[in-house]
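Those protein sequences? They're chains A and B, same order as listed.
End of the first sequence sits at 383 in the working numbering; the numbers just go up one at a time, nothing left out.
End of the second sequence sits at 383 in the working numbering; the numbers just go up one at a time, nothing left out.
Number of protein chains: 2
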Amino acid sequence: MTDQATGLQLRSTVRKDATLEVSLAEVPIPEPKPDEVLVRVEASPINPSDLGLMLAGADLATVKVSGSSENPVVTAHIPPAVFKGVAGRLDQSLAVGNEGAGVVVRAGSSDEARALEGKTVAILGGAMYAQFRAVKASQCLVLPEGTTPAQGASCFVNPLTALGMVETMRLEGHSALAHTAAASNLGQMLQKLCLKDGIELVNIVRSPEHVNLLRTSGAKHVVVSSGPTFMDDLTAAFVATGATLAFDAVGGGKLASQMLSCMEAAANRTAKEYSRYGSTKHKQVYIYGGLDRGPTELTRNFGMAWGIGGWLLTAFLMRVGPAAAQRLRERVAAEIQTTFASHYTKVVSLAEALRPEEIAVYGKQATGQKYLINPNKGL
Amino acid sequence: MTDQATGLQLRSTVRKDATLEVSLAEVPIPEPKPDEVLVRVEASPINPSDLGLMLAGADLATVKVSGSSENPVVTAHIPPAVFKGVAGRLDQSLAVGNEGAGVVVRAGSSDEARALEGKTVAILGGAMYAQFRAVKASQCLVLPEGTTPAQGASCFVNPLTALGMVETMRLEGHSALAHTAAASNLGQMLQKLCLKDGIELVNIVRSPEHVNLLRTSGAKHVVVSSGPTFMDDLTAAFVATGATLAFDAVGGGKLASQMLSCMEAAANRTAKEYSRYGSTKHKQVYIYGGLDRGPTELTRNFGMAWGIGGWLLTAFLMRVGPAAAQRLRERVAAEIQTTFASHYTKVVSLAEALRPEEIAVYGKQATGQKYLINPNKGL
Chain A
5 MTDQATGLQL RSTVRKDATL EVSLAEVPIP EPKPDEVLVR VEASPINPSD LGLMLAGADL
65 ATVKVSGSSE NPVVTAHIPP AVFKGVAGRL DQSLAVGNEG AGVVVRAGSS DEARALEGKT
125 VAILGGAMYA QFRAVKASQC LVLPEGTTPA QGASCFVNPL TALGMVETMR LEGHSALAHT
185 AAASNLGQML QKLCLKDGIE LVNIVRSPEH VNLLRTSGAK HVVVSSGPTF MDDLTAAFVA
245 TGATLAFDAV GGGKLASQML SCMEAAANRT AKEYSRYGST KHKQVYIYGG LDRGPTELTR
305 NFGMAWGIGG WLLTAFLMRV GPAAAQRLRE RVAAEIQTTF ASHYTKVVSL AEALRPEEIA
365 VYGKQATGQK YLINPNKGL
Chain B
5 MTDQATGLQL RSTVRKDATL EVSLAEVPIP EPKPDEVLVR VEASPINPSD LGLMLAGADL
65 ATVKVSGSSE NPVVTAHIPP AVFKGVAGRL DQSLAVGNEG AGVVVRAGSS DEARALEGKT
125 VAILGGAMYA QFRAVKASQC LVLPEGTTPA QGASCFVNPL TALGMVETMR LEGHSALAHT
185 AAASNLGQML QKLCLKDGIE LVNIVRSPEH VNLLRTSGAK HVVVSSGPTF MDDLTAAFVA
245 TGATLAFDAV GGGKLASQML SCMEAAANRT AKEYSRYGST KHKQVYIYGG LDRGPTELTR
305 NFGMAWGIGG WLLTAFLMRV GPAAAQRLRE RVAAEIQTTF ASHYTKVVSL AEALRPEEIA
365 VYGKQATGQK YLINPNKGL
């Protein structure tokens, strides 16, 4: 590659007139500093957290594409309610792509950097929707021999989130978990992790079609939130598992409140005497996603020992500290083809990722539709 | 008193037909065990937390009184929505009154008990709406010489709650506080405590009439939630104080969410760069009351570093442990006539407390209307 001077990089900009603009920039390939390596990125997933930065909440029905097929420019309108929330990034051309994997093609002069030459590594560094990315050698997670970049592309966001949920459960004194939107890629991964670690998991899915998907991942408890017996089923699952902690990807509506109510009902089913303030066992819901951007409604019929809060992977990693975080990363690398394996619907190039028909599919964040970008595909 | 064999005690019962019944029972005066003392109760406040147990959420418009004026029986209807929540106490005749003060009139044989003879003590023990109460000597908080039972009646619920709020602030790494329904007895006490301890406090009141009440307690930051500039005023108060923790007595509606939004706006006003997930400083609201029993609505426009939860005094005391709790109690006793002084609208006997015109006043939980029961008044 070394005779190439520039590479493509996906950029997202929000304009003052509430227009989103996504395009491919041709940027110089950086020379790695002594402690850095240059990675040829060959696989980077489109996660929900990437879509927030890339599409800025734009109305996907208004997507238009101009430019050539190799160098397309996507524009779309951002609704006023959303626009307020992205005012902080006006006219900044932002690089996108939280994580990915590729091959180290050049190394800085330090021993640590040179040791990585030719290795396949995974990176969490941002700006991964690009042909080349220079990163600190210390940021690279070396993948086990025989792992392809596509297999190692999703080493961080989903695996560390799943591990973070389990670690949070342990840190905060709970013994089992519940999870919503549980048929997602992350949800299936969490189920595999819980099976492996012997943790009981209550999976909550929106539609009966998703039950089988989770059953094939070995799920024992799957509850359908759209079903007529939801509250009874969920209470029964909480009685069976003792789960008093839930991670919620939905955010809006009544789901968080319903989980707390059912946890309380489960606790009271085994209570020995009347308590005016409800069960004393702390019941917690962490909202980590926003599939429903509407308000969260809490009925507060679950006693006084409860909490709801935001949960963010980066905040969790700060909380446990660098040594613990590194142990989690190493576990991911070791189990990247088993517990933490990801599955993708389609592999696209940077230019293909900007086709309206592809945006329409991955922009929906539908269960079972996950894209992988290979920034060097066809180049 | 020693020739008296029985004493009056207020009892509350919920019947299967959704009727509340409150009456005075004549109960034997207990003989104190070796480690116990018998207290003649002379003052016990009617706190919001007592009303929950005493009135069981009954519709006060349906209050009827039968029986004699010395031995009245109050009945009232409990609305169906509330009745579900009190199903655990059906047909149990429950004694009421969390806290109070009185004089030790008889002591058990232990040294600890006998040392209390004749002393004026405060007790948190339940069943205080009674002429006599036997309690463990270790449960008694001896009031400083010259303190009357009326002055010492409210040593626990409000003072320990105010201290608990400040301690929670310290334990969880915040540096200032916000408080809603701040013109309440508790709110004024919290303001006095914060002034004394040099803590910045943002007081949120519902009506402009309450501003002066707090100003006279020395309040610097008072924000009116019904005013047109509420959100701007609250944000400015959070910028001025740096408060990232609020205690909310209201519970329902949008107030908790508004506080988090304004804390986030205050944090972002001083932020140096755009952060996709909002400010990293944790923002917390604890709901400790339920003046509005309706659902809590969260808009989640306050980043990811936030939490809402229930806060209960007994859970807080468990959390800090017995030694810390005892230090807090001793501080209350020492400052019962200054920082932790309470004010009452009216002193009533047990029989007077069951008059419909009195229930109509104290049952409203209106700011500035607080009753004290003297179970031995006129007897």
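Heads up, the beta-carbon is just placed ideally off N, CA and C, and yes, glycines get one too.
Top-ranked residue by Cα proximity to residue 167 of chain A, from A:201, A:141, A:145:
A:201
Please list, in chain order, the chain A residues whose beta carbon lies closer than 8 Å to that of residue 307 of chain B.
314
At the level of alpha carbons, what is the spacing between residue 366 of chain B and residue 49 of chain B?
11 Å
What does the alpha-carbon distance come out to for the pair residue 21 of chain A and residue 273 of chain B?
So the two alpha carbons sit approximately 23 Å from each other.
Does the separation of the CB atoms of residue 312 of chain A and residue 289 of chain A fall below 8 Å?
yes
Against chain A, with Cβ distances strictly below 8 Å, would residue 304 of chain B count as a contact?
yes
Going along chain A, which residues have a C-beta under 8 Å from residue 19 of chain B?
The contacting residues do not exist; residue 19 of chain B stays about 15 Å from chain A at best.
Mapping DSSP to helix, strand and coil, what is residue 2 of chain A?
With chain A running from 5 to 383 in the structure shown, residue 2 of chain A is simply not present.
Could you name the residues of the same chain whose beta carbon sits closer than 7 Å to that of residue 156 of chain B, not counting the 5 residues immediately before and after it, in chain order?
Hits under 7 Å: 105, 124, 126, 147, 340.
Could you compute how far the alpha carbon of residue 145 of chain A sits from the alpha carbon of residue 197 of chain A?
20 Å
If you follow the alpha helix (DSSP H) that residue 196 of chain A is part of, which residue opens it and which one closes it?
Element bounds for residue 196 of chain A: 189-201.
In this structure, does DSSP put residue 175 of chain A in helix, strand or coil?
helix
Assigned exposure category for residue 5 of chain B - 16 Cβ within 10 Å defines buried:
The pLDDT assigned to residue 5 of chain B is 49, lower than 50, so where the model puts this residue is not dependable; a value taken from the coordinates is nonetheless given after this. Residue 5 of chain B comes out exposed.
What's the gap between the Cα of residue 376 of chain A and the Cα of residue 128 of chain A?
Straight-line Cα distance between these residues: approximately 15 Å.
Under 8 Å by Cβ, that's how I've got residue 181 of chain A and residue 229 of chain A pegged, so tell me the actual separation to the nearest angstrom.
Not really, about 16 Å apart at Cβ, beyond 8 Å.
What three-state label does DSSP hand residue 74 of chain B in the structure shown?
coil
Using a threshold of 8 Å, state whether the C-beta atoms of residue 98 of chain A and residue 17 of chain A are closer than that.
yes
Go ahead and label residue 298 of chain B buried or exposed: buried means 16 or more other beta carbons lie within 10 angstroms of its beta carbon, across all protein chains shown.
exposed
Min CB distance residue 103 of chain A to chain B below 8 Å
no
Rounded C-alpha distance that separates residue 111 of chain B from residue 46 of chain B:
17 Å
Establish whether the CB of residue 319 of chain B and some CB of chain A are separated by less than 8 Å.
yes
Taking only the alpha-carbon atoms, compute the straight-line gap between residue 100 of chain B and residue 379 of chain B and give it to the nearest angstrom.
Note on geometry: alpha-carbon atoms of residue 100 of chain B and residue 379 of chain B lie some 12 Å from one another.
Taking residue 266 of chain B and residue 308 of chain B to be in contact with their CB atoms under 8 Å, please state how far apart those CB atoms are, rounded to whole angstroms.
Incorrect: roughly 17 Å between the Cβ atoms, too far for contact.
Output the residue ranges of the beta strand (DSSP E) runs that lie fully inside the segment 43-68 of chain A and measure 3 residues or longer, sorted by chain position.
none
When we look at the beta-carbon of residue 322 of chain B and count the other beta-carbons within 10 Å, is it buried (16 or more) or exposed?
exposed
Is there a Cβ from chain A that is less than 8 Å from the Cβ of residue 155 of chain B?
By this cut-off, residue 155 of chain B is not an interface position.
Go ahead and label residue 36 of chain A buried or exposed: buried means 16 or more other beta carbons lie within 10 angstroms of its beta carbon, across all protein chains shown.
buried
Just the chain A side, please: which residues come within less than 7 Å of residue 57 of chain B by C-beta, in chain order?
280
Terminal residues of the beta strand (DSSP E) in which residue 288 of chain B lies:
287-291
Using alpha carbons as the reference points, say which of B:325, B:154, B:369, B:12 lies closest to residue 74 of chain B.
Nearest option by C-alpha distance: B:12.
Distance cutoff 8 Å, beta carbons only. Does residue 300 of chain A sit that close to anything in chain B?
yes
Within 8 Å, do at least three Cβ pairs link the segment 185-196 of chain A to the segment 343-351 of chain A?
With the cut-off at 8 Å, the segment 343-351 of chain A and the segment 185-196 of chain A touch.
The alpha helix (DSSP H) enclosing residue 155 of chain A, as first and last residue numbers:
From DSSP, the alpha helix (DSSP H) with residue 155 of chain A extends over 153-156.
Work out the CA separation of residue 374 of chain B and residue 58 of chain B for me, nearest whole Å.
When rounded, the distance between both Cα atoms is 15 Å.
Alpha helix (DSSP H) runs contained entirely in the segment 99-124 of chain B, provided each spans 4 or more residues:
Counting whole runs of 4 or more residues, the segment 99-124 of chain B contains the alpha helix (DSSP H) stretches 115-118.
Is residue 255 of chain A close to chain B? Criterion is C-beta to C-beta, closer than 8 Å.
yes
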